[in-house]
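Chemist:
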Amino acid sequence: MAKHPVGKPGRWEAIAAAFGGRHKAESVIKKVKELGEKRVDDSDSYAQFLKKRKALDKRVVEDAGEEESESVTVEKVEGGWSKTEDIALLNALKAFPKDVPMRWEKVAAAVPGKSKAACMKRVTELKKGFRSAKAASEV
24 MAKHPVGKPG RWEAIAAAFG GRHKAESVIK KVKELGEKRV DDSDSYAQFL KKRKALDKRV
84 VEDAGEEESE SVTVEKVEGG WSKTEDIALL NALKAFPKDV PMRWEKVAAA VPGKSKAACM
144 KRVTELKKGF RSAKAASEV
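Here our numbering is used: the first residue of the sequence shown is 24, the next is one more, and so on.
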């Protein structure tokens, strides 16, 4: 569709020709209209994510099981973030790419007990730590 923008003369014929003659312009138009009606908005996809997401990462469950047997407290890393919260943050960043509208609100909702600002700050800290570790390994 990007190659054939709205208003371009012969748009649907060009798109149909891209299918190698397997579809006519009328069937392409019909299919586009069907897909346009079925288009899912972001709120539905976010609700589906919340339903389908795993409760915890397997590594987190294993770590939590070991920590519970030893002590009830969760080990906090710098900035007041636990390992489970870091993993939840990283999983949320994978689930919501940069092009998703209201990405940081969705990421914060996926990380229990953390705000949008806290998540953004932690990602910045993790990036700095990664870059400095990478620079140290190259030397």
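Glycine residues also receive a C-beta, built at the ideal position from the N, C-alpha and C atoms.
Got a sec, what are the start and stop residues for the alpha helix (DSSP H) S160 sits in?
Modeler: Looking at the DSSP string, the run of the alpha helix (DSSP H) that includes S160 is 139-161.
Chemist: For the candidate residues A41, L58, E36, whose alpha-carbon lies nearest to that of E49?
Modeler: Residue E36 is the option with its Cα nearest to E49.
Chemist: Using only the alpha-carbon positions, how far apart do K121 and K75 sit?
Modeler: Cα-Cα distance, rounded: 20 Å.
Chemist: Between the Cα of A70 and those of F153, T147, K129, spot the shortest distance and give me the residue it belongs to.
Modeler: The option with the nearest alpha carbon to A70 is K129.
Chemist: Alpha carbon to alpha carbon, how far is I110 from G152?
Modeler: The straight-line gap from Cα to Cα measures roughly 15 Å.
Chemist: Between which two residues does the alpha helix (DSSP H) containing R126 stretch?
Modeler: Looking at the DSSP string, the run of the alpha helix (DSSP H) that includes R126 is 126-133.
Chemist: Going straight from the alpha carbon of F42 to that of V123, what length do you get?
Modeler: So the alpha carbons of these two residues sit roughly 30 Å apart.
Chemist: Are A133 and A115 close, meaning C-beta to C-beta below 8 Å?
Modeler: Yes, these two residues count as a Cβ contact at 8 Å.
Chemist: Excluding the 5 residues preceding and the 5 following K137 in the sequence, name in chain order all residues of the same chain whose CB lies nearer than 7 Å to its CB.
Modeler: If we look at K137 and ignore the five residues flanking it on each side, its Cβ neighbours are E108, A131.
Chemist: Taking R34 as part of the alpha helix (DSSP H), name the residues at either end of that continuous run.
Modeler: Start and end: 34-41.
Chemist: State the Cα-Cα distance for the pair F72 and A118, rounded to the nearest angstrom.
Modeler: Whole-angstrom Cα-Cα distance: 8 Å.
Chemist: Please report the residue range of the alpha helix (DSSP H) in which D122 lies.
Modeler: No alpha helix (DSSP H) holds D122; DSSP gives it neither H nor E.
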